[in-house]
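Read top to bottom, the protein sequences are chains A and B.
All residue numbers for the first sequence refer to my numbering, where the first residue is 855 and numbers rise by one.
All residue numbers for the second sequence refer to my numbering, where the first residue is 855 and numbers rise by one.
Glycine included, C-beta positions come from ideal geometry on N, C-alpha and C.
Reading through the structure tokens given below for one structure.
There are 2 protein chains.
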Amino acid sequence: MAEPQRKKWSENYPRWFDWVIGEAEVYDYGRYPVKGMGVWMPYGFQLRKKIIGLMREILDRLGHEEVLFPLLIPEDLLRRESEHVKGFEAEVYWVTHGGRRPLDVKLALRPTSETSITYMETFWIKSYKQLPKKYYQVVSIFRYETKATRPMIRLREVTTFKEAHTVHSNFEDAERQVLEAVEAYKEFFDRLAIPYVISRRPEWDKFAGALYTIAFDTVMPDGRKLQIGTVHNLGQNFTKAFDFRIQLADESLDHPWQTSYGISDRVVATVISLHGDDRGLVLPPNVAPIQVVIVPIPAKDEEDMKLVKELVEQVRRALETAGIRVKVDEREEMRPGAKFYYWELRGVPVRIEIGAKEAREGVLTIHRRDTLEKRTIPAENVVVEVRRLFDEIYQNLYERAWKYLRERIKRTADLEEAKEWVENRRGVVEVPWCGREECALKLEEELGAEAMGTPWPFEKAEGEVCPVCGRKAITWMRYSKSY
Amino acid sequence: MAEPQRKKWSENYPRWFDWVIGEAEVYDYGRYPVKGMGVWMPYGFQLRKKIIGLMREILDRLGHEEVLFPLLIPEDLLRRESEHVKGFEAEVYWVTHGGRRPLDVKLALRPTSETSITYMETFWIKSYKQLPKKYYQVVSIFRYETKATRPMIRLREVTTFKEAHTVHSNFEDAERQVLEAVEAYKEFFDRLAIPYVISRRPEWDKFAGALYTIAFDTVMPDGRKLQIGTVHNLGQNFTKAFDFRIQLADESLDHPWQTSYGISDRVVATVISLHGDDRGLVLPPNVAPIQVVIVPIPAKDEEDMKLVKELVEQVRRALETAGIRVKVDEREEMRPGAKFYYWELRGVPVRIEIGAKEAREGVLTIHRRDTLEKRTIPAENVVVEVRRLFDEIYQNLYERAWKYLRERIKRTADLEEAKEWVENRRGVVEVPWCGREECALKLEEELGAEAMGTPWPFEKAEGEVCPVCGRKAITWMRYSKSY
């Protein structure tokens, strides 16, 4: 399989990313006059919609119910769970005025919705018989980030926050739900051909208010780690804080157990970043807003042109009937070469060129975006060939993205090697760990990297010692430069 | 056609509405601890989604492109068009703090998006060749209402605001767009079987910043008028305020023309209110989250029960294959009668009952929600019969809703009659009007009703005189008690 052309992509990834989201009309960033907030443009909106659609399909199939909660959370509600508010209060936007009047109670723009959802669950859920209950919503969340903002990656308005919230009668069922959520996210990322590392976040970096947090991370083209999904076992922390009790099977009353899990705009950023190349986007066929573009090649001869038009129409109809998202680029003012460039930039997986030669011979020139390879196929086979090509493109994206990630994970007990690895932004390094926070924090400093957490599921570090304190290592701690 | 049972519905409509949205699990209102904000529950969310889907289908077909703009609008952007800000500033929510820090610039929660969209259009649109351009988004908007809030009808967070924004090279094309928008909304409301009156809002009640506003109103079960859609010709007001210029065909630079048009959560409220009855929701089949519910009737005989299960499964499969949204209610702890009640409350258009008798004879008992009529059909005809029933239900809802509205519009030059009409909350009254604001305002006071505007398209009031000043009447002015 041909390797993609990735000079600009690899040498200056952040700049490439800014270029591609602007040029391909995905997301307008940096011109809207509020820092950390951008605009989803029509093409980007459709890509985002397809990706959210995939998430909805998976969650709905697993019995989640979609809801929509208010954006504004009154201050006292947000403060109910003390660890939670500590984690968020530095970055909450506050509404203080309605019209010219100061409000009696300050209202937070939701940074996440555990508090408002738990509050309403106290009215809705009374008995273990209603459980498990799984809600989700897709909403904007707001965080007054003090770190440098990045389009789709570190925003002050995260416009695509899918947050799921579940309720369970006991700890074991919440644990089962964590596993279900992890499997759901694996399927989601797999179908987007996005590779991931799953870690249990260290105690000091878990979600504010959770018992523990499982995180999905990936490595971006510049070797930095990006968190792309999290799953939290919330225990009874919120149900106790809201005194949310239900009747159990033995007729006693108790606080139920909860989990929550989320993904964000970052998924779209990752699809763009991991699969793209110097020519622009390379989209997996299942989420490409346009899956096939047909470019008619003008013929001088009138009779030829008629044949071209007929074949174009025939191919378009065949693909549409098969449920494939197809577009014919008939713009007259633009030359074929410019159209090729235009659709390659936008990552359309398959291009079909039809000129006089093709029309006369009843064949098509078919071009795949990922490898830029071209070949000729009989026109009557177009649906089968395009479907086969979609599979091949997906397989190729999946394999090359996973290969990229695997090459960026290094397991070593040698601190020099570990340091060199993260310093050169080569990705994630795994170092033996004794389990003590102080050792991990010390190593964070020494490596100039962030402790991402330990492998999930748990892995023993047999025969290894903690390079900081020399004690027996229990497991591995992952470190990386991170977004 | 049987008339619906509507005692509770007609005698105390507001209470009926609160009851039905709660009992049918559409929208939880009044318990969320911020006034004027409620929660879309799973069933209501699906209904809302289907209704938005219908709107999207129509707008997409007409060449609108969906986008997503930030929620927060900086104060100076909102203030750029002076009439616009005057119209909204009393009811804008302001974000003043990020974390513990006061913000440099106050940020408004969008009350509508003309300002932010026009601002970005200045970057995106440079030439008449790109026009017309039609954008839309479906977002939450916020208005600090001082009037009494009502669920879905007068909210402080309007969660389902579909706002379209278009750009044109000249006045005529903007006028053409107004017509297109009106036709689009007609189709939308027609497909929801919602009747409407179209008025040109009086000068003093047009959208803040518009040249003029065309409004769709309907009459609710209590005789009050509800605005359900508006279309604005914005002229060059915003493009001038933002100094947004484009190149025209003659190479000169000029400010383009704009329109905008919106619908909101109120559409869902209207579908619920106009079609419902004392038993609950009555949903038009095209937007019902569940179109057919199958209730198996338990049989004592084991052999019979096996036959019932087989027929249930066969019917479910046939309907699903035909693309019909079907649910089998297999709950064991609930009796058939309770299930009937449960699904009637939720407005499922068609119920199919299958017991031992039906299973043995290969027939189905089929029940329609709108008229509560039951009949028996051969099981093998189920798809055809259900589809026919959908058509009949839609026709019935459409006709009875339009009949209701037509009976609530009175044209009269007699002020006593007009007064009696609105006082008894019988709907809309049309009175001859000379065209002078002072006469309309005086009549508003006298009638205790609001001037809704004049008929659109324009209608002459031949030979009539203004009942206030005695001058020759130009057209009719509509008055009503309104939400």
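Here T976/A has F1096, F1098 as same chain residues with Cβ atoms under 7 Å from its own Cβ, once five neighbours each way along the sequence are excluded. Assignment of Q859/B by DSSP, reduced to helix, strand and coil, places it in the coil class.
Neighbours of S994/B across chain A, judged by C-beta separation under 7 Å: L925. Excluding its 5 nearest sequence neighbours in each direction, A1062/A has C-beta neighbours in its own chain below 7 Å: E937, H938, K940, G941, F942, listed in chain order. Proximity of R1010/B to chain A, defined by a Cβ-Cβ separation below 9 Å, is satisfied. Taking 9 Å as the CB threshold, W1256/B stays off the interface with chain A. Neighbours of M891/A in chain B, taken as residues whose beta carbon is under 7 Å from its own, are P924, L926 in chain order.
Taking 8 Å as the upper bound for CB-CB distance, V1283/B and A1294/B are not in contact here, some 13 Å apart.
A distance of 9 Å or more separates the beta carbons of D1131/A and W1330/A. When rounded, the separation of the alpha-carbon atoms in N1024/A and W978/A is 18 Å. Look at V1217/B: its C-beta is not under 9 Å from any C-beta on chain A. Burial state of D1071/A is buried, judged by a 10 Å Cβ sphere holding 16 or more other Cβ atoms.
The beta carbon of W1197/A sits no closer than 9 Å to any beta carbon of chain B.
Each of L932/B, P956/B, R955/B, H951/B was checked against the Cα of E945/B, and the nearest Cα belongs to L932/B. A straight line joining the alpha-carbon of R997/B with that of Y947/B spans about 7 Å. Taking V1141/A as reference, the option from I1048/A, V1169/A, L1259/A, W1275/A with the minimal CA-CA separation is I1048/A. Contact check for S1053/B against G884/B fails: the beta carbons are separated by 9 Å or more.
Approximately 5 Å separates the beta-carbon atoms of R1200/A and A878/A; this is inside 8 Å, confirming the contact.
Between V1085/A and V1032/A, the C-beta gap is smaller than 9 Å, which places the two residues in contact. In terms of Cβ geometry, L1218/B and L1269/B do not form a close pair [threshold 9 Å].
In the structure shown, T1000/A falls within a coil segment according to DSSP collapsed to helix, strand and coil. The C-alpha of Q859/B is placed about 22 Å away from the C-alpha of N1278/B. Apart from sequence neighbours up to five positions away, the residues of its chain that approach G1289/A with a beta-carbon distance below 6 Å are I1328, ordered along the chain. At a cut-off of 9 Å between beta carbons, Q900/A contacts chain B. As the crow flies, the alpha-carbon of R1120/A is around 22 Å from that of E1034/A. Of the candidates I875/A, P896/A, E1318/A, K980/A, K980/A places its Cα closest to the Cα of Q1101/A. One finds nothing in chain A with a Cβ atom closer than 7 Å to the Cβ of G1201/B; even the nearest lies about 18 Å away. Straight-line spacing of the CA atoms in G1281/A and G1077/A works out to 5 Å. Residue contact with chain B for D882/A: present (Cβ-Cβ distance below 9 Å to some residue of chain B). Contact between L1080/A and T1113/A does not hold, since the beta-carbon distance rounds to 23 Å and is not under 8 Å. Residue range 955 to 963 is occupied by the beta strand (DSSP E) that includes A962/A.
Shown here, P1138/A sits in coil according to DSSP, grouped into three states, outside any helix or strand.
Residues of the same chain with a CB within less than 6 Å of the CB of A1255/A, apart from the 5 flanking positions on each side, are A1047, P1049, L1128 in chain order. Chain-order list of chain B residues neighbouring M974/A: D882, R885, Y886, V893, by C-beta distance under 8 Å. Residue range 1025 to 1045 is occupied by the alpha helix (DSSP H) that includes Q1031/A. In chain order, A1038, E1041, F1042 place their CB closer than 7 Å to the CB of I912/A, counting only its own chain and leaving out the 5 sequence neighbours on each side.
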